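In the UniProt record's numbering, the protein residues as written are 181 to 399.
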Ligand code: C5P
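This is how it looks when you write it as structure tokens:
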């Protein structure tokens with residue numbers, strides 16, 4: 181028996197990579213599989229939440245019962261989040277949003293020649309920071325994938341983005357695979373979860389979110 185810890189709550193999740201077009205067929209993306217975000221969406225559904233999943237391109241089947249909004253680029257993800265977030269009680273930002281997009285992508289396929297090709301990259305908006313700086317933000321949860329100094333970088337990120345909760349993992353232990361190791365950072369300190377399948381970790385994360393949410397929101 182799983183208690184319905186988020187019964188009736190509206191949870192918005194972003195998942196997967198974003199894909200930034202270079203030309204008509206090519207793009208810049210990253211190795212995010214979407215597995216962690218989809219597991220979080222599934223765990224939230226199990227906990228009784230109404231779940232909207234905004235997802236970049238992945239090879240995964242979305243969890244049954246989620247309202248799924250597929251997007252491609254970071255700008256599209258931002259637009260979808262802005263359209264949905266006003267309805268959300270909890271926002272869990274698991275997506276590996278591309279930090280840069282290609283300025284002036286070519287409408288036609290770029291032809292190769294002997295010259296050096298230069299792509300100009302411009303920074304993408306920070307979707308999560310946009311949400312936390314809203315007037316009445318939902319309860320926001322961030323993710324951080326680091327390649328080194330996990331504790332230091334994660335806590336810095338949590339403070340910079342003004343998050344009550346951030347889940348951090350090491351790229352080598354998390355990205356692409358079915359298993360991960362999560363460390364949770366909140367106002368009470370650091371909670372290291374045992375490594376395991378992403379769905380198991382997602383269920384623990386949802387329990388943690390439900391506890392913090394209940395402590396800061398009456399009913
Ligand atoms: O700064 P960094 O990308 O490591 O922060 C990770 C957190 O911020 C994740 O929760 C990610 O979903 C979110 N993020 C975002 N938009 C970006 C970059 C990161 O929402 N452009």
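Just so it is clear, CB atoms sit at the ideal spot from N, CA and C, and this is done for glycine as well.
As the structure is a computational prediction, the values presented were derived from the model and not from experiment.
By the 10 Å Cβ neighbour count, where 16 or more other Cβ atoms means buried, how is residue i classified, buried or exposed?
i	result
residue 298	exposed
residue 226	buried
residue 194	buried
residue 267	exposed
residue 273	buried
residue 301	exposed
DSSP beta-bridge partners for residue i?
i	result
residue 190	230
residue 322	273, 346
residue 303	280
residue 359	377
residue 197	276
residue 396	Residue 396 is not bridged to any residue.
residue 371	364
residue 207	201
Only counting the same chain, and skipping five residues up and downstream in sequence, which positions put a Cβ closer than 7 Å to that of residue i?
i	result
residue 310	258
residue 342	312
At the 9 Å Cβ level, is residue i part of the contact set with chain B, yes or no?
i	result
residue 199	The chain labelled as chain B is not found in the depicted structure, where only one protein chain is given.
Please return the same chain residues whose Cβ sits closer than 6 Å to the Cβ of residue i, not counting the five positions on each side in sequence.
i	result
residue 365	334, 335, 338, 346
Pairs of beta-carbons, one from the region 322-334 and one from the region 279-298, closer than 8 Å: are there three or more? no
If contact is defined by three or more beta carbon pairs under 8 Å, each pair taking one atom from either stretch, is the region 202-220 in contact with the region 182-190? no
Count the CB pairs spanning the region 230-245 and the region 199-218 that are closer than 8 Å, and state whether there are at least three. yes
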